[in-house]
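>
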Amino acid sequence: MSKQEAPPGFRVIGVLGGIGSGKSTAARFIAEALDCPHLDADSAVSDLFQRAETLSALEFALNDSLRDENGALDRSKLSARIFKDPSARRDVEAILHPGVRRHLHHGLRLAETGTETNLNGEKQQATWAVLDVPLLLEGGLDAACDFLVFVSTPAELRSSRACERHGWSKDEWASREAAQFTISDKETRADVILHNSGTLDSLREQATALFPLLCDLPPRPLSERWPLPDEAPVNRKA
1 MSKQEAPPGF RVIGVLGGIG SGKSTAARFI AEALDCPHLD ADSAVSDLFQ RAETLSALEF
61 ALNDSLRDEN GALDRSKLSA RIFKDPSARR DVEAILHPGV RRHLHHGLRL AETGTETNLN
121 GEKQQATWAV LDVPLLLEGG LDAACDFLVF VSTPAELRSS RACERHGWSK DEWASREAAQ
181 FTISDKETRA DVILHNSGTL DSLREQATAL FPLLCDLPPR PLSERWPLPD EAPVNRKA
């Protein structure tokens, strides 16, 4: 089946994986294969961190200065604080998550209504959208999805990738992993597994091969899966 033969309606694909698994790369490959929007929660968080009101709210909640020498957010200081202090992490999540959810809801609405721009810079009504959210299960956003993809990567490889990319120690990587649902939980909830211990070409091929399977998904309007941006999504049907 070609992309031109994709069925009408709207479907949302969620991508799961451990820290350093390559789930964002997999999400991007899936979006490229489907020619659909890739909605990235990390980008939304980065945008929020640029706002003065966000920085002020974080400093007030944590009763601490979080600015670097240029007056911008010192993300390493914030990270060190929240992963040693569960209470601080909850405070930060309470500040950031509503804005992230609004961003994702807005992106899904644009995709469904045809006001989102595709990879060619054209506006079109999307058949699919891909949600790339690190805490997708923890935030209940799996309820907004029709299909869940788990990116499986050995722990040692995930750790080395994440530590090299972010400058973390292995202990910091482990503490971040411990703050999320377990790998087993994520894998169990998934509808399909992609293996990412090989090359990027291999991962891309696996992502592209999902297309016929995703065409068989029954559509659901956004109004049924996520009534309002500040509300929890409706329960996912079994």
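Residue numbers for the sequence shown follow this note's numbering, so the first one is 1 and each next one is one higher. Glycine included, C-beta positions come from ideal geometry on N, C-alpha and C.
Looking at the structure shown, is D132 part of a helix, part of a strand, or coil, going by DSSP?
Three-state result, D132: strand.
> Starting from L16, trace the alpha helix (DSSP H) both ways and give me its first and last residue.
Note, L16: premise wrong, no alpha helix (DSSP H); beta strand (DSSP E) at 11–17.
> With distances taken from CA atoms, which of P212, D142, C163 is nearest W173?
Closest option to W173, Cα to Cα, is C163.
> Tell me the rounded alpha-carbon separation between P212 and D171.
About 41 Å.
> Quick one: what's got a C-beta closer than 7 Å to E59's C-beta in the same chain, skipping five residues either side?
Answer for E59: S65, L66, listed in chain order.
> I'd like to confirm the pairing. Which residues does DSSP put opposite H106 in its beta bridges?
Partner(s): none; H106 has no beta bridge.
> Taking Cβ to Cβ, would you say V15 is nearer than 7 Å to D132?
Result yes, Cβ atoms of V15 and D132 sit closer than 7 Å.
> When we look at the beta-carbon of G198 and count the other beta-carbons within 10 Å, is it buried (16 or more) or exposed?
Classification of G198: exposed, given that the 10 Å Cβ count is below 16.
> Thinking C-alpha only, which one of P8, D142, A57, A61 is nearest L262?
An answer regarding residue 262 cannot be provided, because it is not within the stretch 1 to 238 covered by the chain.
> Please classify G99: does DSSP put it in a helix, a strand, or coil?
The answer is helix: DSSP assigns G99 an H, G or I state.
> Go ahead and label D91 buried or exposed: buried means 16 or more other beta carbons lie within 10 angstroms of its beta carbon, across all protein chains shown.
That one is buried.
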